[in-house]
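Colleague: Sharing a structure with you now.
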Amino acid sequence: MKANSTERVHYDHYVPRDYRVHEFTYDDPFVSDSFEEVNNALEELADQGLAHYGHTQTDFARKRLNAIDRVGNPATRALIDRLPTFNDWLDLVPTAAALDSLYDPSKETLANGKPLHPLLGDWFRNITDGRGIRSRAAVVGELLTDESVRHDRQVEWLSLASGAAQPIIATARNLTSEHGVTPRMTLVDKDQEALRLAEEYAATAGLAGSLETMNMNILRLRGMTRSDTGRRMHDFASNALSRTLRQKHLPAGQFDVVDAVGLVEYLKADDWPYTYGNVIKTKTKLAGARTFLQNSYELVRPGGILVIGNMLKSHPQLAFTLDVIQWPHIKPRSIEEMVQIFDDAQLDGELDVYCPDDGAYAIYQLRKPEE
């Protein structure tokens, strides 16, 4: 795998920020000889899903019912009939447990202990969503490794909306074995089951003593304040998350790496009341992407990095993801749209964008200036 830098990009007509784009080549070890067969069948199903809904507009997809339509949607129903245990896997969507089989499709069981049929595993090996999850993890692993080995002390990682944190724990394991560097990891997520899985993975990797988990809703708004200069109002990281971290002797500005690779694509740009089936059910206004990025950046040590991911609008199998899998609530964005959000959040620092060659995700690294 390698990241190739391209020229510095500047969009005078759209945003003022300069940033670098890096093409990232990933040799996926899970891709099988069934690649062409699986993806040809996938395209046929995507066409059925598109015909059923009429279009694949992401804003429309976000407004659908929370329950996946397994009967009325002919494409989803056909895939359930075609792939044994696919229906069981759909029960896990959209939680972090559903991603476990995409990270490692060679497993014999789903994250909930039910069987993972080899035919379903073969699809997870070859579809863009599976390859994209794994290449995204590879980018994150490379960024965290590079950031950690440049220090002569134990580094601090914070993963927000961590899920089961497979890429984080895998990277920490490799750092320990290859470089003798073991980071201190703090995982924060609302899903207690995802944190339990993370603790299980860390114990298996021999990293239980370097891991701390926190079960909380990191999007909750508290303590809204306005600066004395009358500038924008936003919920600083002195909110519930920051207070809890301070109680655990992990204050804002303490972390070398803060990552939230799998969250921003679920957030609207503005603060708004979320009601996400199986994830969050509340009428309370919660942080949108801008506020969340502001809060997250407050937690980064000067000289450290914030790492964010977002599904791309140009995802080559987006119709399959939205119209067949019916993965809910996703907001794919172009690189330009994400850069606009960074600018609207008024975050300083040097921005690098990493684009794996499968085309599913872009990963954004923002380095905080040294004091």
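Read in order, the letters of the sequence shown correspond to residues 15 to 385 in our numbering. Cβ atoms here follow ideal geometry from the backbone N, Cα and C, with glycine treated the same way.
1) Mind checking Asn324: buried by the 16 CB within 10 Å criterion, or exposed?
2) With DSSP collapsed to three states, give me the class of Tyr40.
3) Would DSSP call Asn229 helix, strand or coil?
4) Pick out whichever of Asp42, Ser310 and Gly276 has its Cα sitting closest to the Cα of Ala152.
5) Tell me the DSSP secondary structure of Pro132 in three-state form.
6) How would you call Met352, buried or exposed, if buried means at least 16 neighbouring beta carbons within 10 angstroms?
7) Which residue's Cα is closest to the Cα of Phe100: Leu133, Asp32 and Asp114?
8) Among Ser191, Glu226, Arg304 and Val272, which one has its Cα closest to the Cα of Leu174?
9) Taking all protein chains shown into account, do 16 or more other C-beta atoms lie within 10 angstroms of the C-beta of Gln331, making it buried, or fewer, making it exposed?
10) What is the DSSP secondary structure of Met238, reduced to helix, strand or coil?
11) Does the segment 369 to 379 come into contact with the segment 299 to 310, if we say contact requires no fewer than three beta-carbon pairs (one atom in each stretch) closer than 8 Å?
12) Out of curiosity, what's the CA-to-CA distance linking Lys299 and Leu233?
13) Using a Cβ-Cβ cutoff of less than 8 Å, which residues in the same chain neighbour Ala283 once the five nearest sequence positions on both sides are dropped?
14) Have a look at Ala92, Leu211, Trp137 and Pro88 and flag the residue whose alpha-carbon is nearest the alpha-carbon of Ser46.
15) Out of Gly155, Ser162 and Gly177, point me to the one whose CA is closest to Thr185's CA.
16) With Val202 as the anchor, note down where its beta strand (DSSP E) starts and where it stops.
17) Pick out whichever of Ala208, Glu214, Arg167 and Gly220 has its Cα sitting closest to the Cα of Val195.
18) In whole angstroms, what is the alpha-carbon distance linking Arg96 and Glu58?
19) Look at the alpha carbon of Phe38 and the alpha carbon of Ile322, and state the distance between them as a whole number of angstroms.
20) Look at the alpha carbon of Ala222 and the alpha carbon of Glu213, and state the distance between them as a whole number of angstroms.
21) What do you get for Pro346, buried or exposed, if any count of 16 or more other CB atoms within 10 angstroms of its CB means buried?
22) Can you say whether Lys128 is buried or exposed, counting buried as having 16 or more other CB atoms within 10 angstroms of its CB?
23) Ignore the nearest five residues each way along the sequence and tell me which others in Tyr40's own chain have a CB closer than 6 Å to its CB.
24) Would you tell me roughly how many angstroms separate the C-alpha atoms of Tyr311 and Lys382, rounded to the nearest one?
25) How would you label Val85, buried or exposed, when you count the other beta carbons within 10 angstroms and need 16 or more for buried?
26) Can you look up Gln379 in the DSSP assignment and give me helix, strand or coil?
27) Determine the closest residue to Gly318 out of Ala219, Thr159 and Asp143, with distance taken between C-alpha atoms.
28) Go to Val85, then tell me how far its beta strand (DSSP E) extends in each direction, as first and last residue.
29) For Arg145, count neighbouring C-beta atoms within 10 Å of its own C-beta (all shown protein chains included) and say buried if the count is 16 or more, exposed if not.
30) Please give me, in chain order, every unbroken run of the alpha helix (DSSP H) with length at least 4 that falls completely inside the segment 304 to 369.
31) At which residues does the beta strand (DSSP E) containing Val272 begin and terminate?
32) Given this structure, state the Cα-to-Cα distance separating Ser115 from Leu124, to the nearest angstrom.
33) Per DSSP, what kind of secondary structure is Arg246 in: helix, strand or coil?
34) On the CB-based measure, 16 or more other CB atoms within 10 Å of its CB, does Ala81 come out buried or exposed?
35) So what does DSSP say about Arg99, is it helix, strand or coil?
36) Is DSSP giving Val23 helix, strand or coil here?
Modeller: So, from the data block:
1) buried
2) coil
3) strand
4) Asp42
5) helix
6) buried
7) Leu133
8) Val272
9) buried
10) Note that Met238 scores a pLDDT of 29, beneath 50, so its modelled location is shaky; the value from the coordinates is reported in the next line. Correct three-state label for Met238: coil.
11) no
12) 9 Å
13) Gly302, Ala303, Arg304, Ile355 and Asp358
14) Trp137
15) Gly155
16) Arg198 to Asp203
17) Arg167
18) 13 Å
19) 16 Å
20) 7 Å
21) buried
22) exposed
23) Met15, Ser149, Ala152 and Pro370
24) 8 Å
25) exposed
26) strand
27) Thr159
28) Element bounds for Val85: n/a, residue is neither H nor E.
29) buried
30) 349 to 358
31) Phe269 to Ala274
32) 6 Å
33) Its pLDDT being 33, under 50, Arg246 is placed unreliably in this model, and the value from its coordinates should be taken loosely. In this structure, Arg246 counts as coil in the three-state DSSP scheme.
34) exposed
35) Residue 99 is actually Thr in this sequence, not Arg. Three-state DSSP puts Thr99 in coil, outside helix and strand.
36) With a pLDDT of 41 at Val23, under the threshold of 50, the modelled position of that residue is not reliable, and the figure given next carries that caveat. Here Val23 sits in strand by DSSP.
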